[in-house]
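Okay, structure first, notes after.
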Amino acid sequence: MTNVVVIGSQWGDEGKGKIVDWLSERADIVVRFQGGHNAGHTLVIDGTSYKLSLLPSGVVRPGKMAVIGNGVVIDPHALCAEIDKLAGQGVTITPDNLRIADNATLILSLHRELDGIREDAAANTNGGVKIGTTRRGIGPAYEDKVGRRAIRVMDLADLETLSAKVERLLTHHNALRRGLGEQEISHDAIMQELTSVADRVLPFRDTVWLMLDKERRAGARILFEGAQGSLLDIDHGTYPFVTSSNTVAGQAAAGSGMGPGALGYILGITKAYTTRVGEGPFPTELTDEIGQFLGERGREFGTVTGRKRRCGWFDAALVRQSVATNGITGIALTKLDVLDGLDELKICVGYTLDGQEIDHLPASQGQQARVVPKYITLEGWKESTVGARKWADLPAQAIKYVRQVEELIGAPVALLSTSPERDDTILVTDPFED
Ligand code: IMP
Numbered sequence: 000m001t002n003v004v005v006i007g008s009q010w011g012d013e014g015k016g017k018i019v020d021w022l023s024e025r026a027d028i029v030v031r032f033q034g035g036h037n038a039g040h041t042l043v044i045d046g047t048s049y050k051l052s053l054l055p056s057g058v059v060r061p062g063k064m065a066v067i068g069n070g071v072v073i074d075p076h077a078l079c080a081e082i083d084k085l086a087g088q089g090v091t092i093t094p095d096n097l098r099i100a101d102n103a104t105l106i107l108s109l110h111r112e113l114d115g116i117r118e119d120a121a122a123n124t125n126g127g128v129k130i131g132t133t134r135r136g137i138g139p140a141y142e143d144k145v146g147r148r149a150i151r152v153m154d155l156a157d158l159e160t161l162s163a164k165v166e167r168l169l170t171h172h173n174a175l176r177r178g179l180g181e182q183e184i185s186h187d188a189i190m191q192e193l194t195s196v197a198d199r200v201l202p203f204r205d206t207v208w209l210m211l212d213k214e215r216r217a218g219a220r221i222l223f224e225g226a227q228g229s230l231l232d233i234d235h236g237t238y239p240f241v242t243s244s245n246t247v248a249g250q251a252a253a254g255s256g257m258g259p260g261a262l263g264y265i266l267g268i269t270k271a272y273t274t275r276v277g278e279g280p281f282p283t284e285l286t287d288e289i290g291q292f293l294g295e296r297g298r299e300f301g302t303v304t305g306r307k308r309r310c311g312w313f314d315a316a317l318v319r320q321s322v323a324t325n326g327i328t329g330i331a332l333t334k335l336d337v338l339d340g341l342d343e344l345k346i347c348v349g350y351t352l353d354g355q356e357i358d359h360l361p362a363s364q365g366q367q368a369r370v371v372p373k374y375i376t377l378e379g380w381k382e383s384t385v386g387a388r389k390w391a392d393l394p395a396q397a398i399k400y401v402r403q404v405e406e407l408i409g410a411p412v413a414l415l416s417t418s419p420e421r422d423d424t425i426l427v428t429d430p431f432e433d
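Going by numbering that gives the first Met the number 0, the first residue of the sequence shown is number 0, and it counts up by one from there.
Structural data, given as C-alpha cells:
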C-alpha cells in the first residue's frame with residue numbers, strides 16, 4: 000500500500016477529474032498542493048454533477064478528509080462560494096472534512112484585477128506577452144508569496160499583524176498601479192475584504208504538515224491531487240506560457256509539507272492526443288479539419304473559462320520529458336475513444352531544430368517556436384472503443400497505438416479510460432496497491 004500523486008503530463012485538461020475521483024474512493028485523505036481556482040473539473044457521482052475548482056475532489060465523498068496544502072493560493076471569496084454551492088447540492092463542508100494549511104497564501108481582489116489588467120495590456124502592446132491566463136489572480140498572488148509580502152491564512156486571525164502586512168503589500172501594489180495608470184487601493188478596502196471572510200475561513204485552518212505526518216504514521220492512504228499539467232510548470236514548462244506554480248510531482252511534497260519519501264506512486268494523466276488552452280508553443284497543433292474533429296469529438300472547451308482548446312497529435316517527446324521531470328511510475332491514458340474512426344494517426348517522436356534532430360523540447364522560447372515535429376504514422380481503427388473495460392474489447396490497432404505510446408514515453412499504462420463514466424476503465428495496475 001502506498002500514497003499516490005496524480006499529475007497531468009501535458010498542458011492540463013488530461014482528464015484528471017475522473018481518475019482522481021476514482022482513486023479518491025480508495026483514499027482516506029485527498030490533498031491539493033499547488034495552483035488555485037484556475038483548475039476546474041466536474042465530478043459525476045450517482046448522477047449528480049459537482050463542479051470543483053479549489054476544493055480537493057475527496058470533499059464530495061463522505062468520510063474523506065480534503066486538504067488544501069500550503070502550496071495552493073486561495074481566493075477566500077471563491078472558496079466560500081464553492082463551499083456554498085456544494086452546500087446547495089447537499090454536501091456539507093466542515094472542519095471534519097476540510098482542512099486548510101495555515102501557511103497557504105491568499106489571493107486578493109487586487110491580484111485578480113492585476114491579472115486582467117496585464118493580460119489586456121499585453122494584448123494591446125507591441126512586444127507584450129499575453130499568456131492567456133484564467134484571470135483568477137494566480138500569478139500575481141504567487142509573485143507576492145515569493146516577494147515575501149503575501150497575506151497568508153493565519154494572518155486573518157491576527158488583525159494587528161494583518162494591518163501591517165496589508166500596508167506593506169499596498170506599498171508595492173499601489174506603486175505598480177500608479178505606473179499602470181490605475182487607481183490606488185485603500186488600506187481600509189483590503190482590510191474589509193479580508194475581515195469579511197475571516198470567520199468563515201479560519202475554522203478550517205490547520206497545521207497541515209503536522210496533521211498529515213500523524214495520519215501517515217497511522218497508516219492513512221493519501222492521494223495528492225495535482226492541477227494543470229507538467230508543461231505548464233513554472234520551471235519545466237513552456238515558459239513564459241505557463242502557470243505560476245510548480246506542477247510537477249515533486250511539488251506534492253513541498254506544497255503539503257510532507258517529505259518526498261511519502262509520495263509513492265506517481266500517476267501521470269495523459270490524453271491520447273494533445274490539447275492546450277491559452278497562448279504558447281504547441282509543436283503538434285492541428286489547425287486543419289482533424290484538429291477541429293478532435294476538439295468537437297473530445298468536447299475540448301475549458302471548464303473554468305469556457306475557452307476553446309487547441310488540439311493536436313500526441314507528442315511522445317513531450318510526455319517522455321514529463322515522465323522524467325515527474326518521475327512518473329505509470330500513466331492513465333484518457334480519451335482514446337476520441338481517436339476512433341480516423342484513417343491514420345500520427346505520433347510525434349522528436350523534433351528538427353534548424354536542421355538538427357533533437358529528442359526533447361529545448362527550454363528556449365525562440366527554439367520552442369521553431370521546432371518541427373518528426374512523426375511516425377499508425378493505422379487508425381474504425382471500431383468504437385467507447386466504454387471498453389478490458390483489452391479484448393479494443394480493436395487491434397488501438398492496442399498497437401497504446402503499446403507504441405508506452406514504448407515511446409518509457410512508462411507503462413496503469414489505467415486506460417474509455418469514456419467519462421467512472422467504470423469505463425481498463426485497470427492494469429492499482430496505483431495504491433503497487
Ligand atoms: P494562470 O494559471 O491563470 O496564470 O494561467 C496560465 C496558463 O495556464 C494559461 O495558459 C492557462 O490557460 C493555463 N491553465 C491554468 N489552469 C489550467 C487548467 O486547469 N487547465 C489547463 N490550462 C490551465
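Ideal placement from N, C-alpha and C gives every residue a C-beta, glycine not left out. For clarity, every value in this text was computed on a predicted model and none was experimentally measured.
Residue range of the alpha helix (DSSP H) that includes residue i
i, result
"MET210", "207 to 216"
"GLY87", "75 to 87"
"ARG369", "364 to 369"
"ARG319", "315 to 325"
"HIS110", "108 to 123"
Residue interval of the beta strand (DSSP E) (run including residue i)
i, result
"LEU230", "Unbroken run through LEU230: none, as it is neither H nor E."
"PRO430", "Where PRO430 is concerned, there is no enclosing beta strand (DSSP E), given that its DSSP letter is neither H nor E."
"TYR350", "343 to 352"
"GLU224", "221 to 224"
"TYR49", "47 to 51"
Cβ-based burial, residue i [other Cβ within 10 Å; buried from 16]
i, result
"ASP114", "buried"
"ASP157", "exposed"
"ALA315", "buried"
"ASN69", "buried"
"PHE223", "buried"
"LYS17", "buried"
"GLY305", "exposed"
"ASN123", "exposed"
"GLY138", "buried"
"LEU179", "exposed"
Any non-hydrogen atom of the ligand IMP within 7 Å of residue i CB
i, result
"ASN226", "Rather than Asn, the amino acid found at residue 226 in this sequence is Ala. Yes."
"VAL149", "Looking at the sequence provided, one finds Ala at residue 149 rather than Val. ALA149 Cβ: outside cutoff for every heavy atom of the ligand IMP."
"ALA38", "yes"
"GLY254", "no"
"ASP358", "no"
"THR242", "yes"
"THR41", "no"
"THR132", "yes"
"TRP10", "yes"
"LEU230", "no"
Secondary structure of residue i, DSSP reduced to three states
i, result
"SER243", "coil"
"ILE265", "strand"
"ASP154", "helix"
"GLN403", "helix"
"LEU414", "strand"
Decide if the region 91 to 104 is in contact with the region 193 to 210; the criterion is three or more beta carbon pairs, one per stretch, under 8 Å apart. yes
Is the region 53 to 62 touching the region 24 to 41 in the sense that three or more CB pairs, one from each, lie closer than 8 Å? yes
Segment contact flag, the region 383 to 403 with the region 244 to 261, C-beta cutoff 8 Å, min 3 pairs: no
Taking 8 Å as the cut-off, does the region 323 to 339 touch the region 372 to 386 (at least 3 CB pairs, one atom from each stretch)? yes
contact_flag[the region 261 to 270, the region 2 to 11] where n(CB pairs < 8 Å) is 3 or more: yes
Is the region 346 to 359 in contact with the region 285 to 294, if contact means three or more CB pairs nearer than 8 Å? no
Determine contact between the region 39 to 56 and the region 82 to 93, defined as no fewer than three beta-carbon pairs at a distance below 8 Å. yes
Touch check for the region 180 to 199 and the region 131 to 147: three-plus C-beta pairs under 8 Å? no
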